[in-house]
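Undergrad: I am attaching a structure below and will ask some questions about it afterwards.
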C-alpha cells in the first residue's frame, strides 16, 4: 500500500470543498430563479425558542451585554442548557399564544391584534382591488369609538364624498359625535376649497389664504380661518362638525374681479394639478386669475415629482406664465430629477416595526401611476439603529407589489425618498428624520399606529 502524503490529502480535501460550494451556489441560483420572491414573510409563527428569546433579551443579564451578536450567543447557550421538559414547556407556551381567545386578551394585547388585523385588511383590500373589485369598509374600534374608512381608491373617494354614511354608522353604535370620524387636515382643506369654489362660482378653486378677499361665517367659536396645516386635532373635529354652517363670502374687491378670473386664463385641470406641485397653491390661483407671473423664487423645488406628461402640460399651457429665469430653474430641476436613479420606498409590514424600507435603483418615471399588481424589483434595507440602514444586496433582486408601498392619498407628494445607494452588500445609509416622521404620520392617519 502506497503512503498518503499529508499535503496531497489536504489538496484533495480542498478540491472537494470547492466543488461542493460551487454546486450549492448553482442550486441556490436555480432555486431563486424558479421562485417568485416577494420579500420577507408578512407574519411570523410563534415558537418556543422565539418566546424564550424575547424573555431573555429583556432580562437584566442581556441588558448588560453591548453586542447584539453576543446577546444572541448568550441566549442560544441558555436554550441549549435547558432540559427536555423545560423546552416542552416553552413550546406549549407558543401553542397557547397561537390559539388564545380574544376574551383572554388584555386591553393592550387587543389593541395590538386590532392593529395587525387592520394591516391584514389593507393587504386583502389591495389584492381584491388588483382583481378589479371596488370596496368600501367602515369600521369602529372599541376603545375610542372613532369611525375609520378603508377601501379601494374609488371606494375611499365614495366615502369621502358621502360623509353621511360614516355619520349614520357612528350614530347606530352610539359613538360620540365629536369623535364620529377620524378627520384629517386634508378633509378641512377639501371643505374650505369647496366652500370657496361655491362662492366664486368656479369649480376647483383653492382658497387664497395669503391674498384674502373673502370672509368666513359659521366657524366654531374661537377658531379663525387659516391654512388647514395650522389646525390641531380638536380644531379639525370642531370645524368638520360645523361644516354645514360654514359659508365663504367674497368681499366687493373680489366680486369686481370675478369676471377677470372667469375670462382671463383657461388651463386644464391636469395642468393646474401639475402646477400645484411646483408652486404654492395661492400663487396658482393668482396665475389662473391673470394677476401673477411666476418668479424664480416661486419655483425653488429641488425634488420635483412630475411625470413627463405633467411637464409637457406645463410646457404647453403654463410656460408663458413663468419668467425666463423661473422656467430655466424649473426645467433644470426637472431634468435633474428625471435623470436621477435611486429611491427609498416605505413598505407596509406585519412585523413589530412600523414599516420597512425597500431600495428601488431605477428612475422616478418608473414609479409614476403604478397599478396594483405591478412588480417593483430592488433590494431590502435592514435597520441597524435609529435612522441607519444597511443595503441587503444580492445579484438576484427581490420584488414587491406596488400596493405594498405606503402612500397617502390625501397628500400631493408621495413618500419616496430620493437617494442613490451604491449597490454593494451592507452599504450603510442614513435616512432623514423628517422622512421617518412623514411615514409615521401617514400610518397614524390610516390607523396603523
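Numbering (full-length UniProt numbering), first residue to last: 1 to 449. Beta carbons are placed, not taken as given, at the ideal position from N, Cα and C, and that holds for glycine.
1. According to DSSP, is residue 203 helix, strand or coil?
2. Let's test the definition: count the other Cβ atoms within 10 Å of the Cβ of residue 221 and tell me whether it reaches 16, buried, or not, exposed.
3. When you compare the CB positions of residue 306 and residue 274, do they come within less than 8 Å of one another, or not?
4. Quick one: Cα of residue 427 to Cα of residue 104, how far?
5. Go to residue 360, then tell me how far its beta strand (DSSP E) extends in each direction, as first and last residue.
6. In the DSSP assignment, find the unbroken alpha helix (DSSP H) run with residue 112 in it and report its ends.
7. Does the Cβ of residue 43 have 16 or more other Cβ atoms within 10 Å, making it buried, or fewer, making it exposed?
8. In the DSSP assignment, what residue or residues form a beta bridge with residue 399?
9. I'd like the span of the beta strand (DSSP E) that includes residue 429, first residue to last.
10. Please state whether DSSP places residue 65 in a helix, a strand or coil.
11. Below 8 Å on the Cβ atoms is my guess for residue 298 versus residue 210; work out the distance and round it to an integer in Å.
12. Could you check the C-alpha separation between residue 324 and residue 381 for me, to the nearest Å?
13. Would you mind sorting residue 442 into buried or exposed? The rule is 16 or more other CB atoms within 10 Å of its CB.
14. Tell me which same chain residues have a C-beta within less than 7 Å of the C-beta of residue 118, skipping the five on either side of it?
15. Report the CB separation of residue 208 from residue 285 in whole angstroms; it is logged as a contact under 8 Å.
16. Does DSSP put residue 149 in a helix, in a strand, or in coil?
17. Could you tell me the boundaries of the alpha helix (DSSP H) in which residue 443 lies?
18. Can you name the start and end residues of the beta strand (DSSP E) that residue 249 belongs to?
19. Since residue 418 sits in a beta bridge, which residues does DSSP pair it with?
20. Do you know whose CA, among 272, 152, 345, 407, lies nearest residue 313's CA?
21. Once you ignore the five residues that flank residue 421 on each side, which residues in its own chain have a CB closer than 7 Å to its CB?
22. Which of the three DSSP states, helix, strand or coil, is assigned to residue 391?
23. Quick check on residue 289: does DSSP put it in helix, strand or coil?
24. Throw me the rounded Cβ distance for the residue 317 and residue 116 pair, which I believe falls under 8 Å.
25. Note down the Cα distance separating residue 47 from residue 55, rounded to an integer number of angstroms.
26. Where does the unbroken alpha helix (DSSP H) through residue 225 begin, and where does it stop?
27. So, with DSSP's three-state summary, where would you put residue 385?
28. Does the Cβ of residue 424 have 16 or more other Cβ atoms within 10 Å, making it buried, or fewer, making it exposed?
29. Determine the extent of the beta strand (DSSP E) in which residue 240 is found, giving its start and end residues.
30. Looking only at its chain, what residues have a beta carbon closer than 6 Å to the beta carbon of residue 247, apart from the 5 residues adjacent to it on each side?
31. At a cut of 8 Å, does the region 184 to 193 reach the region 142 to 153 through at least three beta carbon pairs?
32. Rounded to whole angstroms, what's the CA-CA distance from residue 76 to residue 433? Just pull it up for me.
33. What's the C-alpha gap between residue 437 and residue 108?
34. Can you give me the C-alpha to C-alpha distance between residue 419 and residue 363, rounded to a whole angstrom?
35. Roughly how many whole angstroms lie between the Cα atoms of residue 136 and residue 149?
36. Let me know if residue 256 comes out buried or exposed under the rule of 16 or more other beta-carbons within 10 Å of its beta-carbon.
TA: Working from what's here:
1. Note: residue 203 maps to coil in three-state DSSP.
2. Under the 10 Å beta carbon count, residue 221 is surrounded by fewer than 16 other beta carbons and is classified as exposed.
3. Against a cut-off of 8 Å, the Cβ pair of residue 274 and residue 306 comes out as a contact.
4. Their backbone Cα atoms lie some 45 Å apart in a straight line.
5. Taken as a continuous stretch (DSSP letters only), the beta strand (DSSP E) holding residue 360 covers 356 to 363.
6. 107 to 130 is the extent of the alpha helix (DSSP H) around residue 112.
7. Caution applies to residue 43, whose pLDDT of 45 falls short of 50 and renders its modelled position unreliable; the model cannot decide the point.
8. Per DSSP, 377.
9. Taken as a continuous stretch (DSSP letters only), the beta strand (DSSP E) holding residue 429 covers 428 to 430.
10. Secondary structure of residue 65 (DSSP, three-state): coil.
11. Residue 298 to residue 210, Cβ: 12 Å. No contact.
12. If you take the alpha carbons of residue 324 and residue 381, they lie about 42 Å apart.
13. Buried.
14. Cβ neighbours of residue 118 beyond the five flanking positions: 447, 448.
15. About 5 Å separates the beta carbon of residue 208 from that of residue 285, a gap short enough to meet the 8 Å contact definition.
16. Looking at residue 149 - three-state DSSP - the assignment turns out to be strand.
17. Its alpha helix (DSSP H) spans residues 433 to 445.
18. Counting along the chain, residue 249 sits inside the beta strand (DSSP E) bounded by residues 247 to 250.
19. BP columns for residue 418 point to 343.
20. The residue with the shortest Cα to Cα distance from residue 313 is 272.
21. Here the set comprises 342, 359, 391, 427, 429.
22. Here DSSP, grouped into helix, strand and coil, assigns residue 391 to strand.
23. DSSP, read as helix, strand or coil, puts residue 289 in coil.
24. Their Cβ separation, rounded to whole angstroms, is 47 Å, which puts residue 317 and residue 116 out of contact at 8 Å.
25. Cα to Cα, residue 47 sits roughly 13 Å from residue 55.
26. Annotation for residue 225: no alpha helix (DSSP H) segment contains it, and DSSP assigns it neither H nor E.
27. It is a strand residue.
28. Classification for residue 424: exposed.
29. For residue 240, no beta strand (DSSP E) run applies; the uninterrupted alpha helix (DSSP H) run containing it begins and ends at 233 to 241, by DSSP.
30. Close CB contacts of residue 247 within its chain, under the 6 Å cut and outside five residues either way in sequence, are with 217, 218 (chain order).
31. No, the region 184 to 193 is not in contact with the region 142 to 153.
32. So the alpha carbons of these two residues sit roughly 35 Å apart.
33. Cα to Cα, residue 437 sits roughly 24 Å from residue 108.
34. Those two C-alpha atoms are separated by around 11 Å.
35. Residue 136 and residue 149: Cα-Cα distance of roughly 7 Å.
36. Summary for residue 256: the model assigns pLDDT 41, below 50, so the residue's position carries little reliability; its value from the coordinates is reported in the next sentence. So residue 256 ends up on the exposed side.
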